[in-house]
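One structure below.
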Amino acid sequence: METRTNDEDVVTIIMILLSTGVIGSISLVGFLKPIQEWAIKQGLLVPGDLSDVRFPWDQSVGLDWGRILIVAGLVALAVVGSLFALVRRNRRRTTVD
């Protein structure tokens, strides 16, 4: 059995942190008012009356389509990166010298 390389471990950790960070930060922002206010001031969220999609747990904040596309792109990037790392690892395992 071939040992894993450092590069594969780093890519895997980055993809896990990226995907959980994006999903977790959106959930956290929805629940904590001070973080919501900060996110609105920074332009990460939009107020509920200007948003296209509101959070079900708090109708006063939400996302517009531009921000939704950015989040979807980050999640897709994490999935593609994870798949790339898995395929690369499996190719190294199956390669016969």
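As numbered in our numbering, residues 1059 to 1155 make up the sequence shown, in order. All residues carry an ideal CB built from backbone N, CA and C; glycine is no exception.
Q. What is the C-beta distance between threonine 1070 and alanine 1143, in whole angstroms, given that I count them as a contact (C-beta under 8 Å)?
A. 6 Å
(Q) Short of 8 Å in beta carbon distance, which residues of its chain neighbour isoleucine 1072, apart from the five on each side in sequence? Order them along the chain. (A) Gly1139
**Q.** Alpha carbon of threonine 1153 to alpha carbon of tryptophan 1123, nearest angstrom
**A.** 44 Å
(Q) In chain order, what are the residue ranges of uninterrupted alpha helix (DSSP H) at least 4 long that sit wholly in the segment 1064-1144? (A) 1064-1089 and 1091-1100
**Q.** Length of the line joining the Cα atoms of leucine 1076 and leucine 1121
**A.** 19 Å
Q | Pairwise C-alpha distance: leucine 1103 and methionine 1059 | A | Confidence in methionine 1059 is poor, its pLDDT being 45 and thus under 50, which makes the residue's placement unreliable; the coordinate value appears in the next sentence. If I take the Cα positions, the gap works out to 47 Å.
Q.
Rounding to the nearest angstrom, what Cα-Cα distance links leucine 1135 and arginine 1146 in this structure?
A. 16 Å
Q) Taking just the CA atoms, how far does aspartate 1065 sit from aspartate 1182? A) For the chain, the structure presents residues 1059 to 1155; residue 1182 sits outside this window and is missing.
Q) Mapping DSSP to helix, strand and coil, what is threonine 1152? A) helix
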